[in-house]
Amino acid sequence: MDTATALTQLRAAVDAAGFLVAPDTIEPYLNESRGRLHGQALAVLRPRCTDEVAAILRICHTHGIGVVAQGGNTGRCGGGVPAAGQIVLALERMHAIRAVDALDDTITVEAGCILAEVQAAAAAVDRLFPLSLGAEGSCRIGGNLASNAGGLNVLRYGMARELCLGLEVVLADGRVWHGLRRLRKDNSGYDLRDLFIGSEGTLGIITAAVLRLLPRPRHTATALLAPSSLTAVLALLARARAAGAGGPHSFELLPRIALQAAAEHVHGCRAPFAELPPWSVLIEFGARGVWIEAELEALLAEAFEAGELDDAVIAQSEAQKAALWRLREGIVEAQKALGASLKHDLAVPVSRVPAFIEQACSALAQQLPGVRPYVFGHVGDGNLHFNLSPPPGMDDASFLAAAAPLTRTLHDLAAAFEGSISAEHGIGLLKTAELARLRPPLELELMRRIKDALDPQGILNPGKVLPPR
Ligand code: FAD
Ligand code: 2HG
Ligand code: ZN
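First residue of the sequence shown? That's 10 in my numbering, and the numbers climb one at a time after it.
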């Protein structure tokens, strides 16, 4: 590898604002969103168009330089953190909305578009782009697709993969795959698009995408529920899915410890129940017609009658809806403010959620008495963020030092429950060893073959997803 020549060529491939090497200018691109990992890089490249991305990849391919793509750098498992000798490829300047087609119900956007901007562009033509998550004001669509993001509306609309019809991707050697198709149906050969979605920058650089648009609900109905038990959460979910047109789009589990933390530590958060129940559920429906509030009221009346609910608060205004969502989003903020936490992003079949939570909490309590699980999130999808805070009085460093066995316990249990160690955040840097430990050898072999076929020199996000051989 001739680094000096490569850097000279890279500098020439972009404009002045597209090539950063000064330590203070590259610093923001070296850290991950939780501040736990700190990387290094030769330079940060900020291309303006697909041709510039292709030129950068050609140079890196020739010189064997690792390329780490970055969108909004909000990822949760270190996938965007570069290592010495690598470059960061930040897509932030490629943020054009190339086309909005209301008849095809599609929007074509560049990878650097902020998710909230895509949502706004859809709303401007009275359509919905349903991907929604706490980081939507800063994450970018290329990052959402590269990590197959989930979020708050998966129950009804699916993950990023289900919302994408076509992709434009720059391959490891700099060739461009023009796959910006707008088709709902296309069985002409293997699905290349789905290979790149969720590949976390290890198979190609996504430069643009065609996304699906949906009818925009004119009305939403939102409530915070106090289910009578964890099992009742599932009964409520089943009941809710049969209600409204298509069921709720959000069904989020919120434990007492997390709501307490949000109410105490996050500005503007207030829990609406006088006494917090062990578990709450934030539910939201959307519809074009106005009947949706009445439908929610009827649903809750039936659930009360069936003994599934102890209490419920229906938001009466947009401000009250926002306040309930602030409480949900406040959990992540509050746990950060409280110090170190161990994040886990698990999935189990929905039917097994209560048993999984019970067994996992008791196994953790035996392993580290006093450990505080914040079990929250997208329970409607069987996806639990099982974040652990240290026992009272234990300092962060000792807690993090004791982390690996706790993580192993949770991951082993998730596997035993036919689940996943990464429901939505991906593998990145932090979970490669666990992926190798828990996925069957045949699956790992197939993944490696795909990686070798698309990136024979291993320059795309080296060390991420698949562990070194
Ligand atoms: P980045 O962090 O920049 O990158 C993520 C990965 O994709 C990296 O491996 C990177 O190399 C790769 N990559 C980025 N851009 C490209 C590209 N153009 N081509 C190829 N590879 C690329 N995630 C969820 O799934 N659901 C949630 O509910 C959710 N909530 C969150 C809430 C908060 C407050 C925060 C901070 C994060 C949350 N996340 C959630 C995690 C994160 O926001 C998502 O994973 C998001 O999709 C990442 O987008 P990004 O642009 O920040 O990607
Ligand atoms: C969420 O659902 C996100 O809020 C982030 O996936 C979870 O950071 C976390 O713990
Ligand atoms: Zn989540």
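Backbone N, C-alpha and C define an ideal beta-carbon position, used for all residues, glycine too.
Query raised in the report: What's the call for R190, buried or exposed, on a 16-neighbour Cβ count within 10 Å?
Result: exposed
**Report entry** Beta-carbon gap between P139 and L243 smaller than 8 Å
**Finding:** no
Query raised in the report: Per DSSP, F205 forms a beta bridge with which residues?
Result: Answer by DSSP bridge pairing: none, since F205 is not bridged.
Query raised in the report: Measuring CB to CB, does G159 end up less than 8 Å from A432?
Result: yes
Report task. Would you check whether ligand 3 has a heavy atom nearer than 7 Å to the C-beta of H258? Result -> no
**Report entry** Among A131, S208, P378, the one whose alpha carbon lies nearest that of M434
**Finding:** Note that residue 434 is His in the sequence shown here, rather than Met. Of the candidates A131, S208, P378, the residue whose Cα lies closest to the Cα of H434 is S208.
Report task. Spell out the partners DSSP gives C173 in its beta bridges. Result -> L220
Query raised in the report: How would you write the range of the alpha helix (DSSP H) that G151 sits in, first residue to last?
Result: 150-155
**Report entry** Cβ-based burial, H276 [other Cβ within 10 Å; buried from 16]
**Finding:** When all chains shown are included, H276 counts as exposed.
Query raised in the report: Using a Cβ-Cβ cut-off of 7 Å (strictly less than) and excluding sequence neighbours within five positions of A130, which residues of its own chain qualify?
Result: These residues qualify, in order along the chain: I106, V109, I116.
Query raised in the report: Pairing CB atoms from the region 313-331 with CB atoms from the region 341-351, are three or more of them under 8 Å?
Result: no
**Report entry** beta strand (DSSP E) segment containing S398, residue limits
**Finding:** Taken as a continuous stretch (DSSP letters only), the beta strand (DSSP E) holding S398 covers 392-398.
Requested in this report: For my contact list, A267 and Y383 are in at a C-beta cut-off of 8 Å; report their separation, rounded to the angstrom.
Outcome: 5 Å
Query raised in the report: For E261, does the three-state DSSP call read helix, strand or coil?
Result: Assigned with DSSP and collapsed to three states, E261 falls in strand.
Query raised in the report: At a cut-off of 7 Å, is E433 close to ligand 3 when judged by its beta-carbon and the heavy atoms of the ligand?
Result: Relative to ligand 3, the nearest heavy atom lies less than 7 Å away from the CB of E433.
**Report entry** Validate contact between the region 415-429 and the region 438-451 using beta carbons, cut 8 Å, 3 pairs
**Finding:** yes
**Report entry** Unbroken stretches of the alpha helix (DSSP H), 4 residues or longer, contained in the region 45-87
**Finding:** Whole alpha helix (DSSP H) segments, 4+ residues: 59-72.
Query - the region 292-300 / the region 219-235 touching (three or more Cβ pairs under 8 Å) - result: yes
Query raised in the report: Alpha carbon to alpha carbon, what distance is there between L16 and L54?
Result: 10 Å
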